[in-house]
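This report concerns only the one structure given below.
Protein chains: 2
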Amino acid sequence: MTAKQNFYQISVTTDVVLLTIEDDKLKVLLIERAQKPFAKKCALPGGFLHKGETSEKAARRILKQKAGVSNVYLEQLYTFDKKGRDPRGPIMSVVYYALIPRREIMIEGAATIQTPTFHDVSRLPKLAFDHSKIVSYALKRVRYKMEYTNIAYSLLPAEFTLSQLLRTYEVVWGRKLDKRNFQKKILSLAMIRPTGRVLRGGRQRPARLFRFSSRSIRELERFF
Amino acid sequence: MTAKQNFYQISVTTDVVLLTIEDDKLKVLLIERAQKPFAKKCALPGGFLHKGETSEKAARRILKQKAGVSNVYLEQLYTFDKKGRDPRGPIMSVVYYALIPRREIMIEGAATIQTPTFHDVSRLPKLAFDHSKIVSYALKRVRYKMEYTNIAYSLLPAEFTLSQLLRTYEVVWGRKLDKRNFQKKILSLAMIRPTGRVLRGGRQRPARLFRFSSRSIRELERFF
DNA sequence: CCAAAAGTGTTGACTGTACACCCATGT
DNA sequence: ACATGGGTGTACAGTCAACACTTTTGG
């Protein structure tokens, strides 16, 4: 069944802000544009919706194509349709953001022409379209959401040490946190549980390994 | 300039969750549908985007048509496009929510067929389409946003008493607040300023009148 | 003088923050 | 033995929550 044709219809794209942590920096996936408009400028991965496809499905398709990922934390960010945002005409973009550990991303296998690359969010060039604004907005949302949910799970492997978790928060928020206070708070929230196992291999005391109590999004009592 | 036609295009609507306070209850504007689908069910005011119109423009147009309001707090809520949400086919809805004092709404003058009416959000019937879910989502957002911004200004007249402000929070959050703690907190945040004027007329001690320090949205240090 | 809402402080509990040293391991 | 990150507790300050009586007015 399709919509009646007696109403104005418009072109809709989906863009995805894929965030990950690499080298203790928060990074976003960008693709250098080959064609006009904004040729040679970096842009978010995205594309037009296919027939019968929802925006979320399209976002997942794009993530698969451009970053080779399929299991990912994905959330709708905002719909951008300000006049003039795309020089080709009125194009609405339903934007999603995604979080995933760096090691689960395989850009090599991606079926795309220009190779997508990760860029440190604190040193971004000017992006194509309104994508600079979109990235800022995504950062704001992620930072905020990490204050009252467990979404950090989506940036970490199943088992991790307290230091890794701490570093994740520090990298996303861009500030240092106190190790002792952090541990007290996180444990009191029951966001994570010790596995009883331990990580050896550094030339230091072995670190206890933890798991998230739930690996789907949960709202917690606000912390930090 | 228009978008190239070689991509699939879809029908886009805008729906608006207009919230206000009436009789110390939080209410939402609904319109009983005359036609199928969902004839006789209540639905949010909304409609298809016109050619060249942005979703926000459309939301403002609908508010003007259905509620006779033009100055209003308006914020994009979410874009709904889940498969099957509209039996007529794949229709995407960019939803906004709006806040305004009851006395600034003039439904009588509205150019519409079915008269829109306000419904207590705590006693809603089943709504058409996915509108029940949309209203819940809007309520969650508004309640949340009142915790860390000054958006309460959009539900109050320019000058108001502390009791009115307190009642606004109580109605939106659906719980009682302590008068003394409320006043201490609100004043310490510098969200509002006394005008020096006073409201007489009740058969009780006159109340001081206040104004919001800013009548556009501001993020405050979190409160309550 | 009575009814109604306005106005006003203190205390105890809890939470957040600052801070420094010893531990277990690999090399 | 030493370098590295892991692991742990206390004390002070600030914030939150609970609580009740007096004031001012209109009728």
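Protein sequences, first through last, are from chains A and B.
Going by the numbering used here, the first sequence opens with residue 1, and the numbers climb by one from there.
Going by the numbering used here, the second sequence opens with residue 1001, and the numbers climb by one from there.
Backbone N, C-alpha and C define an ideal beta-carbon position, used for all residues, glycine too.
The model shown is predicted, which means the values in this text are computed figures rather than measured ones.
Is V1016(B) closer than 8 Å to I10(A) when the C-beta atoms are compared?
No, Cβ-Cβ distance for I10(A) and V1016(B) is not below 8 Å.
Check each candidate in R88(A), I105(A) and Y78(A) and name the one with the smallest Cα separation from N71(A).
It is I105(A).
Taking S93(A) as the reference, give the member of S122(A), R123(A) and D130(A) with the closest Cα.
Of the listed residues, the one whose Cα sits closest to S93(A) is D130(A).
Quick check on DSSP: helix, strand or coil for A1039(B)?
It is coil, neither helix nor strand.
Note down, one range per segment and in chain order, each beta strand (DSSP E) of at least 3 residues found wholly within the region 79-125 of chain A.
With a minimum length of 3 residues, the continuous beta strand (DSSP E) runs that stay inside the region 79-125 of chain A are 91-99 and 117-120.
Name, in chain order, the residues that DSSP records as bridge partners for R193(A).
Partner(s): R211(A).
Any beta carbon from chain B within less than 8 Å of S11(A)'s own beta carbon?
Yes, S11(A) counts as interfacial toward chain B.
Please report how far the alpha carbon of D1178(B) lies from the alpha carbon of Y1169(B), in whole angstroms.
So the alpha carbons of these two residues sit roughly 11 Å apart.
Let me know the secondary structure DSSP gives F48(A) once reduced to three states.
Strand at F48(A).
Please list, in chain order, all residues of the same chain as R1215(B) whose beta carbon is under 6 Å from its beta carbon, the five residues on each side excluded.
Within the same chain, R1215(B) has close Cβ partners Y1153.
Under the assumption that G1046(B) contacts I1062(B) (Cβ atoms under 8 Å), give the Cβ distance between them as a whole number of angstroms.
Indeed they touch by this definition, with Cβ atoms about 6 Å apart.
For the region 46-67 of chain A, enumerate the residues whose C-beta is nearer than 7 Å to any C-beta of chain B, in chain order.
Within the region 46-67 of chain A, the qualifying residues are F48, L49, H50, K51, G52, T54 and S55.
Is the separation between the beta-carbon of R200(A) and that of P194(A) shorter than 8 Å?
Against a cut-off of 8 Å, the Cβ pair of P194(A) and R200(A) comes out as no contact.
How many Å lie between L1018(B) and D120(A) at the Cα?
L1018(B) and D120(A): Cα-Cα distance of roughly 40 Å.
So, is K4(A) buried or exposed, given that buried needs 16 or more other C-beta atoms within 10 angstroms?
Summary for K4(A): the model assigns pLDDT 45, below 50, so the residue's position carries little reliability, and this model does not support an answer.
Where does V72(A) sit, in a helix, a strand or coil, going by DSSP?
Coil, per DSSP.
Please state the DSSP three-state secondary structure of I10(A).
In this structure, I10(A) counts as strand in the three-state DSSP scheme.
Compute the Euclidean distance between the alpha carbons of I151(A) and K145(A), then round it to the nearest angstrom.
Roughly 7 Å separates the two Cα atoms.
Under the rule that 16 or more other beta-carbon atoms within 10 Å means buried, what is K66(A), buried or exposed?
It counts as buried.
Return the CA-CA distance between R1197(B) and R1222(B), expressed in angstroms with no decimal places.
Straight-line Cα distance between these residues: approximately 28 Å.
Do we get a CB-CB distance below 8 Å when we pair D130(A) with the residues of chain B?
Not an interface residue.
Leaving aside the five residues before and after P1087(B) along the sequence, list all residues of the same chain whose C-beta is less than 8 Å from its C-beta, in chain order.
Excluding sequence neighbours, P1087(B) sits near P1037.
Can you find a CB in chain A that lies within less than 8 Å of the CB of Y1137(B)?
False, the Cβ-Cβ gap to chain A never drops below 8 Å.
Taking the straight line between their C-alpha atoms, what separation do you get for F1048(B) and K1057(B)?
Taking the straight line from one Cα to the other gives about 12 Å.
Find out if the Cβ-Cβ distance for the pair T1054(B), K126(A) is shorter than 8 Å.
No, the Cβ-Cβ distance between T1054(B) and K126(A) is not below 8 Å.
Please state the DSSP three-state secondary structure of L127(A).
Correct three-state label for L127(A): strand.
At least one CB of chain B closer than 8 Å to the CB of V94(A): is that the case?
Yes, its Cβ sits closer than 8 Å to a Cβ of chain B.
For L1026(B) and L1166(B), what's the separation of their Cα atoms in angstroms?
Taking the straight line from one Cα to the other gives about 14 Å.
With 8 Å as the threshold, decide whether the Cβ of F1007(B) is near any Cβ in chain A.
Yes, its Cβ sits closer than 8 Å to a Cβ of chain A.
If we cut at 8 Å on Cβ distances, does E1219(B) have a partner in chain A?
No, its Cβ sits nowhere closer than 8 Å to a Cβ of chain A.
Quick check on G201(A): does DSSP put it in helix, strand or coil?
G201(A): coil per DSSP, three-state reduction.
Within 10 angstroms of the Cβ of F224(A), are there 16 or more other Cβ atoms? Answer buried if so, exposed if not.
Looking at its Cβ environment, which holds fewer than 16 other Cβ atoms inside 10 Å, F224(A) is exposed.
Taking I1062(B) as part of the alpha helix (DSSP H), name the residues at either end of that continuous run.
Taken as a continuous stretch (DSSP letters only), the alpha helix (DSSP H) holding I1062(B) covers S1055 to A1067.
Ordered along the chain, which non-local residues of its own chain (more than five positions away) have a Cβ less than 6 Å from that of L1099(B)?
Taken in chain order, the residues that qualify are L1019, Y1073, S1154 and L1155.
Kindly list the residues whose CB is nearer than 7 Å to the CB of E219(A), restricted to its own chain and excluding five residues on each side of it in sequence; keep chain order.
Here the set comprises Y148 and T149.
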